[in-house]
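Visitor: Quick one: the structure is below, questions incoming.
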Amino acid sequence: MYKLIVDINNHCEKRWRYSLGQSLENTVLTGLENLIMAKNAPKPLKANFLIKANAQLEIATLKLRLFLEFKVVNETKIFQTQAKLREIGRMLGGWMKSLQTV
Numbered sequence: 001m002y003k004l005i006v007d008i009n010n011h012c013e014k015r016w017r018y019s020l021g022q023s024l025e026n027t028v029l030t031g032l033e034n035l036i037m038a039k040n041a042p043k044p045l046k047a048n049f050l051i052k053a054n055a056q057l058e059i060a061t062l063k064l065r066l067f068l069e070f071k072v073v074n075e076t077k078i079f080q081t082q083a084k085l086r087e088i089g090r091m092l093g094g095w096m097k098s099l100q101t102v
């Protein structure tokens, strides 16, 4: 996922690369940090990290939409990255659902 984001960022104009592009990279890295923390946290604490990771995922999706609206990079790359984000979102949702106690 991060590799796709870096590729998108590398193909941006300089003014987008250091504003929206860098912000998108930081969002994805923060989401990855939360996923790693959730993986290693005790079960009662996992949900908090997963909620944070899910929020970061939504923010990254929003920023990708901005890339698309501003026509900053090739649409195909954006659509591929959005598909990966949706897949990650489904996996994250399943993980969160498995932690819920009925």
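Position one of the sequence shown corresponds to residue 1 (UniProt numbering), numbered consecutively onward. Backbone N, C-alpha and C define an ideal beta-carbon position, used for all residues, glycine too.
Label F67 either buried or exposed according to how many other C-beta atoms from any shown protein chain fall within 10 Å of its C-beta, with 16 as the threshold for buried.
Guide: buried
Visitor: Specify the secondary structure class of A53 as computed by DSSP and reduced to three states.
Guide: helix
Visitor: For residue 132, count neighbouring C-beta atoms within 10 Å of its own C-beta (all shown protein chains included) and say buried if the count is 16 or more, exposed if not.
Guide: Look at the range of the chain in this structure, 1 to 102, and you will see that residue 132 is not part of it.
Visitor: Which residues in the same chain have their Cβ closer than 6 angstroms to the Cβ of G21, if we skip the five residues on either side of it in sequence?
Guide: Excluding residues within five positions, the ones whose Cβ falls inside 6 angstroms are N9, C12.
Visitor: Below 6 angstroms, is the gap between the Cβ of Q82 and the nearest heavy atom of the ligand FMN?
Guide: Looking for the ligand FMN in the displayed structure turns up nothing, as the structure carries no ligands at all.
Visitor: With C-beta atoms as the reference, is Q56 less than 7 angstroms away from T76?
Guide: no
Visitor: So, for W16: in the same chain, excluding its five sequence neighbours on each side, which residues have a beta-carbon less than 6 angstroms away from its beta-carbon?
Guide: V72
Visitor: In the DSSP assignment, find the unbroken alpha helix (DSSP H) run with Y79 in it and report its ends.
Guide: Looking at the sequence shown, residue 79 is not Tyr but Phe. Start and end: 75–99.
Visitor: Give me the Cα-Cα distance between K14 and A60, rounded to the nearest whole angstrom.
Guide: 20 angstroms
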